[in-house]
Amino acid sequence: MGSKAKKRVVLPTRPAPPTVEQILEDVRGASAEDPVFTALAPEDSPSPSGRAEDPEDQQEQLYQQSRAYMAANLRLQQAGDELRQRCEDLRRTGQELEQDIGQVKRVVLPGAAAASLG
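Each residue of the sequence shown is one higher than the one before, counting from 406 in the numbering used here.
Shown next, in the form of structure tokens:
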């Protein structure tokens with residue numbers, strides 16, 4: 406039977422990522438209704454075009470946004486801490502596994518070498 410060689414598909418090279426200036430130009434040129442600004446907005450908050458004129462309403466809205474930001478920031482910090490802990494646990498477990506593999510090799514390999522010679 407002939408072996409089937411896999412054809413390697415050559416992908417085109419990636420374009421260079423946009424510069425900071427290009428990104429800022431795109432953001433500045435986007436309308437207020439662009440999905441990048443509205444996709445993650447809470448459903449009950451006023452749209453950018455219909456902002457409340459009352460200063461107290463604006464203060465309340467800013468306060469609520471600040472609270473949401475602080476809560477999200479706390480969740481991100483906790484997730485980062487948990488991720489670092491899990492990474493350290495994986496490193497430690499990997500080292501233990503390497504030690505166990507070394508012990509198994511020391512026990513099994515000398516016995517296998519002696520059996521093949523005898």
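From the three backbone atoms N, C-alpha and C, an ideal C-beta is built for every residue, glycine too.
Residue 486 to residue 411 span [Cα, whole Å]: 43 angstroms
So for residue 462, helix, strand or coil by DSSP? helix
If you follow the alpha helix (DSSP H) that residue 440 is in, where does it begin and where does it stop? 440–443
Interface flag, residue 471 vs chain D, CB-CB below 8 angstroms: The structure shown has no chain D; it contains just one protein chain.
Enclosing alpha helix (DSSP H) for residue 429 [first to last residue]: 425–434
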